[in-house]
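Enquirer: Per my numbering, numbering through the sequence shown is continuous, rising by one, with the last residue being 649.
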Amino acid sequence: MTQPLWTPSRRRIARAAITHFRRAAVEAAGRPLPDYDALHAWSIDDPGAFWGFYADYAELPFRTPATRVMSDDPMPHTRWFEGATLNYAEAVLAPSALHDDEGTTAIIAVAENGSERRLTFAELNELVARIQAGLIREGVGRGDRVAAFAANISETVALFLACAGLGAIFTSCSPDFGLAAAEARFGQVEPLLLFASPVYRYGGHRFDVSDTVRSLATALPTLTRTVLLPYPDEPVVPVAEAEPWDAWLGSENLTPTFETLPFDHPLYVLYSSGTTGVPKALVHRAGGALIGHHREQHLHADIQAGDVALYVTTCGWMMWNWLVSVLAQAATIVLYDGSPAYPEPDTLWRLTERLGMTFFGTSARYLHSLQAQGVRPHEVADLSTLETVGSTGSPLSPSGFEYVYRHVKEDVHLASLSGGTDIVGCFMIGVPTLPVYAGQIQRPGLGVDLVVLDDEGNEVVGEPGELVCRQALPSMPLYFWNDPGGSRYHEAYFERYPGMWRHGDRIARTPEGGVVIYGRSDATLNPGGVRIGTAEIYLPLEAVDAVVEAAAVGKKVEGDEVIWLFVVLREGSVLDDELTARIRTSIRTGASPRHVPKRVFQLSQLPRTRSGKAMEIAVARLVNGLEVPNRSVMANPEAADEIEALLAVLRA
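(1) Can you check DSSP and say which residues form a bridge with Ile529?
(2) Report the rounded CA-to-CA distance for Thr359 versus Phe398, giving the unit in angstroms.
(3) Roughly how far, in whole angstroms, is the beta-carbon of Val405 from the beta-carbon of His365, given that I think they are within contact range, below 8 Å?
(4) Report, in whole angstroms, the separation of the C-beta atoms of Gly427 and Gln437, which I expect to be a contact under 8 Å.
(5) Just to confirm the assignment: which complete beta strand (DSSP E) runs, minimum length 3, are found wholly within the segment 79 to 155?
(6) For Tyr476, I'd like the list of residues in its chain whose CB is within less than 7 Å of its CB, leaving aside the five on either flank, ordered along the chain.
(7) Relative to the C-alpha of Val449, which candidate in Gly511, Glu249, Pro626, Gln368 has its C-alpha closest?
(8) Counting only the same chain and skipping the five closest in sequence on each side, list residues whose C-beta sits under 8 Å from that of Arg654.
(9) Using only CA atoms, which one of Phe598, Ala11, Trp39, Tyr33 lies nearest to Gly27?
(10) Just the Cα atoms here: how many angstroms apart are Trp245 and Trp498?
(11) In angstroms, rounded to a whole number, what distance separates the CA positions of Pro327 and Gly131?
(12) Which whole runs of the alpha helix (DSSP H) in the segment 177 to 222 are 4 residues long or more, in chain order?
(13) Taking the alpha-carbon of Gly442 as reference, which of His74, His297, Ala126, Asn84 has the nearest alpha-carbon?
(14) Terminal residues of the continuous beta strand (DSSP E) containing Ala642?
(15) Thr168 bridges to which residues according to DSSP?
(16) If you draw a straight line from the C-alpha of Glu80 to the C-alpha of Ser269, how long is it?
(17) Which of the three DSSP states, helix, strand or coil, is assigned to Leu251?
(18) Are Glu350 and Asp304 closer than 8 Å when you measure CB to CB?
(19) Run through the DSSP bridge pairs and tell me what Pro441 is partnered with.
(20) What would DSSP say about Arg607, mapped onto helix, strand or coil?
(21) Please tell me whether Ala35 and Pro29 are closer than 8 Å, where the distance is taken between their beta carbons.
(22) Helix or strand or just coil, what does DSSP make of Phe563?
(23) Taking Trp314 as part of the beta strand (DSSP E), name the residues at either end of that continuous run.
(24) To the nearest angstrom, how far is it from the Cα of Thr153 to the Cα of Leu121?
(25) Can you list, in chain order, the residues of its chain with a C-beta nearer than 8 Å to that of Glu56? Leave out the 5 residues immediately preceding and following it.
(26) Which partner residues does Glu558 have in the DSSP bridge list?
(27) Cα separation between Leu536 and Ile614?
(28) Which same chain residues, not among the five before or five after Ala306, have their C-beta less than 6 Å away from its C-beta?
(29) Rounded to the nearest angstrom, what separates His202 and Thr209 at their Cα positions?
(30) With DSSP as the reference, identify every bridge partner of Gly436, one or two as the case may be.
(31) Where Met612 and Ala505 are concerned, what is the direct C-alpha to C-alpha distance, given to the nearest angstrom?
(32) Evaluate the contact criterion for the segment 232 to 252 versus the segment 139 to 150: three or more CB pairs, one atom per stretch, below 8 Å.
(33) Can you grab the Cα-Cα spacing for the pair Glu407 / Ile105, in whole Å?
(34) Using a Cβ-Cβ cutoff of less than 6 Å, which residues in the same chain neighbour Gly285 once the five nearest sequence positions on both sides are dropped?
(35) Out of Gln370, Thr382, Met316, which one is the CA nearest neighbour of Leu348?
(36) Looking at the strands, I want to know which residues DSSP matches up with Ser583.
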């Protein structure tokens, strides 16, 4: 048997929120629930009972109760908590665990320039009310769209909550998005107002994007006003016909408005990466986001009242929306704007010590970067308060798991997560009462009826297949914007396996009960007709110290395909014949001869989305002479230019 890297102590299990929930759920389930797997089995055997019980257990602030928890309609037409009304902002701004103690810190906003701002729940409520006064003055009401081209600051959180309180629909991206990428998103939903950060800082550099703000405002004909958001310790950068934040805000000494809204009322619009076309505009329901996040954060992440939680994110990634929901736990959220590696790679770990963080969420790429640089957080910071490290964005490698336990903290719950913008949450997630195994996500989340299917739709165990969800979840999109018949929604998730959600990830279940991700199924390689997940190639590369990261793609050749491998190397390393041979040998011995790449190339960087995911499909299109649509969605389009230059040399 594989040995776990970490096993929770009896004390940790006893005080975990999921343990208390499991015991409380026994009566509702009408059967014994001795462990997580039994609890999960009940949650998918009787989803209506599970979600209904969780809503009561979490004391979600329903104004009116539901007539039924879950309709009989098949996905994606399932309706949740019909007849129930609530307000997302009310649940977040006045969590029941506060017991009227509004002096609790709600937000600690930190920027890489050293600025720090704290807001109590009372102060956040007042700021939300002042923003609502401005929104009402502008005529914003239920269903109106408000867009934010915004830095990760407390004003952006308050703006979102102000919109949610009034029933307006919020949508955002970060100010590092180019004009074309921002317009491709916001242009679809026709916002009434635009809030924009004309300046931001990253990696020690100041970026003035006022020209982009001006052009974006011009490109959105439905706008009635553009408001400029402040940036910590930076002077206001003027933009023609835009109003400064302080001048626009409403008067003081107000209380927020929380409209009574249906459970299915649209809360925000999120967007797919847009790497293969115009980004899908995903409309998420308020109640679904609230209950889905609450379950993940309280039970799976074990975030409780008084905790301090960070997720390293921008306003262009769904983890920002996830982080805001943490406020419903009466916990403090930490907003960090800037590079997590500035001025030093260990900056955020020192911040963890200073703020007494209990939950530290980040991307697998960040952890892999620290590992490659030899950073040892436990030697530079006292991490005694840290209980959970969350990792998502891309699969965390087995050596990445081992790095956390060797060099971050021995006794910590490493909760690897995977889901996406599509459900603004997770399919697979951590469980604080179960052991952690290297390279494995611990379990499917509660309520998630996850199976692995082969091409014929048969369930497989112990071998890779498609990630499929057989039952509806409250956080699945309400609909796609501008898709009145639902045809794009159906095509995106339900065409391959009728009646079941195909997510597009290639995964396998393990003997330990966990989940291993092998990459996106649309990036699956097929040399000689044999399907290979890209992660099957990346895993053996961990034995090659010189390789920092890689992208494997299929090169079409005479009706077949061969594998081309692009590698990013450690500083000072060169892809010579000896290293190429080591790479091939490692893959041959660690996987199989079929996995060995035909060609290996060195790059300075891989093309990435703005949430840090390597764009394997974009690389494959370039290699096969196809155009990469929406190159503006790349965080680093110069990486694509580098690949094109390399291919031009090969063709010469």
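We put the CB at the ideal spot given by N, CA and C, even for glycine.
Since this is a predicted model, take the numbers as computed values, not measurements.
Expert: Reading it off the structure:
(1) Residue pairing for Ile529: DSSP places it in a beta bridge opposite Leu522.
(2) Spanning the two alpha carbons is a distance of roughly 13 Å.
(3) That pair is no contact at about 13 Å.
(4) Not quite, the Cβ-Cβ distance comes to about 10 Å (not below 8 Å), so this is no contact.
(5) You should have 102 to 108, 113 to 117, 142 to 146.
(6) Closer than 7 Å at Cβ, skipping near neighbours: Val280, Gly483, Tyr486.
(7) Among Gly511, Glu249, Pro626, Gln368, the Cα nearest to that of Val449 is on Gly511.
(8) Past the edges of the chain, shown from -2 to 649, lies residue 654, and the structure says nothing about it.
(9) By alpha-carbon distance to Gly27, the top candidate from Phe598, Ala11, Trp39, Tyr33 is Trp39.
(10) Whole-angstrom Cα-Cα distance: 44 Å.
(11) Per the sequence shown, residue 327 should be read as Ala rather than Pro. Rounded to the nearest angstrom, the two C-alpha atoms are 27 Å apart.
(12) Counting only runs of at least 4 residues, the segment 177 to 222 fully encloses the following alpha helix (DSSP H) elements, listed from N- to C-terminal order: 207 to 216.
(13) It is His297 whose Cα lies nearest to the Cα of Gly442.
(14) First-last for Ala642: 634 to 648, but that is the alpha helix (DSSP H), not the beta strand (DSSP E).
(15) Beta-bridge pairing links Thr168 to Ala144, Val266.
(16) With the sequence shown as reference, residue 80 is identified as Gly, and Glu is not the correct amino acid for it. Near 30 Å, if we compare the C-alpha coordinates of Ser269 and Gly80.
(17) It is coil, neither helix nor strand.
(18) Not in contact: Glu350 and Asp304 (Cβ atoms no closer than 8 Å).
(19) Answer by DSSP bridge pairing, in chain order: Met425.
(20) Reduced to three states, the DSSP call for Arg607 is coil.
(21) Here Ala35 is near Pro29, since their CB atoms are less than 8 Å apart.
(22) Secondary structure at Phe563: strand, using DSSP grouped into helix, strand and coil.
(23) No beta strand (DSSP E) holds Trp314; DSSP gives it neither H nor E.
(24) Their Cα atoms are separated by approximately 11 Å.
(25) Result list for Glu56: Ser93, in chain order.
(26) Per DSSP, Lys553.
(27) So the two alpha carbons sit approximately 19 Å from each other.
(28) Around Ala306: Ile300, Val323, Ala328, Ile330, Phe356.
(29) Distance between the alpha carbons of His202 and Thr209: 17 Å.
(30) Note: Gly436 sits in no beta bridge, so no partner.
(31) Whole-angstrom Cα-Cα distance: 22 Å.
(32) Short answer: they don't touch.
(33) Taken atom to atom, the span from the alpha-carbon of Glu407 to that of Ile105 is near 27 Å.
(34) In the same chain as Gly285, and ignoring 5 residues on each side of it, the C-beta atoms closer than 6 Å to its own belong to Pro471, Ser472, in chain order.
(35) Closest by alpha carbon: Thr382.
(36) Beta-bridge partners assigned by DSSP to Ser583: none are found.
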